[in-house]
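Just so you know, the sequences run in chain order E and S.
Following my numbering, the residues of the first sequence are numbered contiguously, the last one being 497.
Following my numbering, the residues of the second sequence are numbered contiguously, the last one being 944.
Built from N, CA and C at the ideal position, the CB exists for glycine as well.
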Amino acid sequence: MKPTLIGVTCLMLGAGAAVAETAPQAVEYDEYGAVAASLSGAAGDPVEGRVVVSTKSMGNCVSCHAISEMSDVPFHGEVGPVLDGVADRWNEAELRGIVANAKMTYDGTIMPSFYKDTGYVRPGDAYTGKAAKVAPLPPLLTAQQVEDVVAYLMTLKEE
Amino acid sequence: MKLTSLKVVASSALALALATGGAQADQEADLIINGDTEITVRTAAPAHLENLSEILSGWTFRTDETQALQMDDFDNPGMIFVDQGLDVWNTVEGSADKSCASCHDGPESLKGLRAELPKWNEDAGKVYTMEMYINDCRTERMGAEAYGWSDKNMVNLTALISVQSRGMPVNVAIDGPAQSTWEQGKEMYYTRYGQLELSCANCHEDNYDNYIRADHLSQGQINGFPTYRLKNAKLNSTHDRFKGCVRDTRAETFKPGSDEFVALELYVASRGNGLSVEAPAVRN
């Protein structure tokens, strides 16, 4: 009897976590572009976030941003600002907003929106050059990947 | 002893810096081909270009090694394809039993053409690129089949014709009947395509001279096209390059030869008015 109850409880917790994820179109940005709540409903993992930031097929953030701590990864770009000390300049909600959709913070920024799924001109099927097969598109990063990236960025402190 | 080890340390530090620093370019270098053809690789931007004061050939952004490949035709791998273009020029094809050479004096008789294309074609009632003129010749005068836009014979022939104008300033017309096509191309240049929402301008106007990963972003000038790319070891048409760029924004790209890319070619060519024709250029 007791083991069964535990099983039911686990199931309910699992279902609860899925419900807590915020869909791209439901994300609430404040007037400065910040997002207060976790997109996945869970905490981010900075170790996973470091992988997303440095991996070409994932966030590929280093393509445009240099990070001194990440000197093991070659060829950091210089299109965006250096991310050293980024957690001293922004709080978690602000960083979440910038990663999810930087255009809400900086109108017209070149930075792609990593948690957005509609509103594109000629959306493609990834890098094939062909038309997108689904609408809305899967966002560039999942809710949890955004949280992981934010958790990693929060470790980049200089002060 | 001390001095020697210091030297060793210094030289290995330099080697390391070169290895990790990505491509090194001499952006102040001047380009003279074969010791006699002076190429304008930097000059004042044309008046219509509001956001740039100086225009720069893609050559200025490349490594010393890549730059050197374009300074002598014996080193320029693109010249092999120019030779193949000459074979195409002389090949009789089609129901009229004609080659290019049957009607034209020689490729040098088309000197100056590259510099002013794309341009308005009054008979056709639209803007024409070199490829469109070639295909009109093939279908109407030779009785031959049109080439595909990126067919190697087409690209090599455009290289042969383009190299005749090498060193001449790009000078495409943007007014008169071509103006609406030019406006269309300009609008495309500033449209943020695809899931990455990137316009041509985002990289090539706002961020030229910055590195994006290991790539040194240029102004995206097309005065060197068709261009030999070390990446695929052949000549590449302007439209093939456009296609790859739009694809890399995670967009549904346009087809080479499409009205859209013709318009974009006219606009981008006009951004290089004043640079020299460089075809066949060498790029990475």
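Reduced DSSP category for residue i - H, G, I as helix; E, B as strand; rest coil
i, result
"Thr-789 of chain S", "coil"
"Asp-690 of chain S", "coil"
"Ile-872 of chain S", "strand"
"Lys-394 of chain E", "coil"
"Asn-439 of chain E", "helix"
"Arg-427 of chain E", "helix"
"Ala-705 of chain S", "coil"
"Pro-737 of chain S", "coil"
"Pro-461 of chain E", "strand"
"Ala-481 of chain E", "helix"
"Ala-469 of chain E", "strand"
"Leu-729 of chain S", "helix"
"Glu-938 of chain S", "coil"
"Glu-407 of chain E", "helix"
"Arg-943 of chain S", "strand"
"Gly-682 of chain S", "Because Gly-682 of chain S carries a pLDDT of 46, less than 50, the predicted location of this residue cannot be relied on, and no value is offered for it."
"Leu-433 of chain E", "helix"
"Thr-723 of chain S", "strand"
"Ala-491 of chain E", "The displayed chain sequence assigns Leu, not Ala, to residue 491 of chain E. The answer is helix: DSSP assigns Leu-491 of chain E an H, G or I state."
"Glu-714 of chain S", "strand"
7 Å Cβ shell around residue i - same chain, five flanking residues per side excluded
i, result
"Asn-750 of chain S", "Ser-759, Ala-761"
"Asp-422 of chain E", "Ile-405, Ser-406, Leu-494, Glu-496"
"Thr-898 of chain S", "Ile-882, Phe-885, Glu-925"
"Asp-426 of chain E", "Lys-495, Glu-496, Glu-497"
"Lys-891 of chain S", "Asn-944"
"Ser-755 of chain S", "Gly-803"
Supposed contact pair residue j and residue i - C-beta distance, whole angstroms, cut 8 Å
i, j, result
"Arg-931 of chain S", "Arg-889 of chain S", "Rounded, the Cβ-Cβ distance is 20 Å, inconsistent with contact."
"Pro-940 of chain S", "Val-823 of chain S", "6 Å"
"Leu-712 of chain S", "Glu-865 of chain S", "7 Å"
"Ser-825 of chain S", "Ala-775 of chain S", "5 Å"
"Val-400 of chain E", "Ser-409 of chain E", "Incorrect: roughly 11 Å between the Cβ atoms, too far for contact."
"Lys-471 of chain E", "Pro-362 of chain E", "Going by Cβ atoms, the distance from Lys-471 of chain E to Pro-362 of chain E rounds to 18 Å, so no, they are not a contact pair."
Own chain residues within Cβ distance below 6 Å of residue i, not counting five before or after
i, result
"Asp-368 of chain E", "none"
"Thr-851 of chain S", "Ser-859"
"Gly-382 of chain E", "Glu-485, Asp-486, Val-488, Ala-489"
"Ala-464 of chain E", "none"
"Glu-386 of chain E", "Asp-486"
"Gly-681 of chain S", "Only weak support is given to the placement of Gly-681 of chain S: the predicted model assigns it a pLDDT of 42, under 50, and the value that follows is read from those uncertain coordinates. None."
"Pro-737 of chain S", "Tyr-888"
"Cys-402 of chain E", "Gly-415, Val-417, Gly-418"
9 Å Cβ cut-off: residues of chain S touching residue i
i, result
"Gly-415 of chain E", "Asn-870, Tyr-871, Ile-872, Arg-873, Ala-874, Asp-875"
"Ser-395 of chain E", "Those within 9 Å of Ser-395 of chain E in chain S number zero; the least Cβ separation is about 12 Å."
"Leu-478 of chain E", "Gln-855, Leu-856, Arg-910"
Chain S contact residues for residue i, given Cβ-Cβ distances below 8 Å
i, result
"Ser-451 of chain E", "Glu-857"
"Leu-475 of chain E", "Gln-855"
"Tyr-465 of chain E", "Arg-907, Asp-908, Arg-910"
"Ser-401 of chain E", "Ile-872, Arg-873"
"Leu-433 of chain E", "By Cβ distance, chain S contributes nothing, its closest Cβ being about 20 Å from Leu-433 of chain E, past 8 Å."
Partner residues on chain E for residue i, Cβ-Cβ distance less than 7 Å
i, result
"Tyr-853 of chain S", "Val-459, Arg-460"
Close-in-space but distant-in-sequence residues of the same chain around residue i (CB under 8 Å, 5 per side omitted)
i, result
"Thr-799 of chain S", "Glu-805, Ala-806"
"Thr-443 of chain E", "Tyr-370, Gly-371, Ala-372, Glu-432, Gly-435, Ile-436"
"Met-396 of chain E", "Val-389, Val-390, Leu-479, Gln-483"
"Cys-863 of chain S", "Ile-872, Leu-877, Gly-880"
"Thr-697 of chain S", "Arg-826, Gly-827"
Under 9 Å by beta carbon: chain E residues contacting residue i
i, result
"Glu-725 of chain S", "Per Cβ cutoff of 9 Å: no residues; Glu-725 of chain S is ~18 Å from chain E at best."
Chain-ordered chain S contacts of residue i [CB-CB under 7 Å]
i, result
"Lys-468 of chain E", "Glu-912"
"Leu-377 of chain E", "Those do not exist, as Leu-377 of chain E stays about 18 Å from chain S at its closest Cβ, beyond 7 Å."
Where residue i meets chain E, residues with beta-carbon distance less than 8 Å
i, result
"Asn-958 of chain S", "Here chain S comprises residues numbered 661 to 944, so residue 958 of chain S is not present and cannot be evaluated."
"Asn-867 of chain S", "Val-417, Ile-448"
"Gln-903 of chain S", "In the sequence under discussion, the amino acid at residue 903 of chain S is Lys, which differs from the Gln named in the question. Gly-467, listed in chain order."
Any chance you could list the alpha helix (DSSP H) runs of at least 4 consecutive residues sitting entirely within the stretch 739-808 of chain S, in chain order?
Every unbroken stretch of the alpha helix (DSSP H) spanning 4 or more residues and falling wholly within the stretch 739-808 of chain S is given here in chain order: 760-763, 773-776, 790-796.
What are the complete alpha helix (DSSP H) segments, minimum 4 residues, inside the stretch 804-874 of chain S?
With a minimum length of 4 residues, the continuous alpha helix (DSSP H) runs that stay inside the stretch 804-874 of chain S are 812-823, 839-849, 860-864.
What are the start and end residues of each continuous alpha helix (DSSP H) run of 4 or more residues lying completely inside the stretch 883-931 of chain S, in chain order?
Listed in chain order, the alpha helix (DSSP H) runs fully inside the stretch 883-931 of chain S are 898-907, 919-930, counting runs of at least 4 residues.
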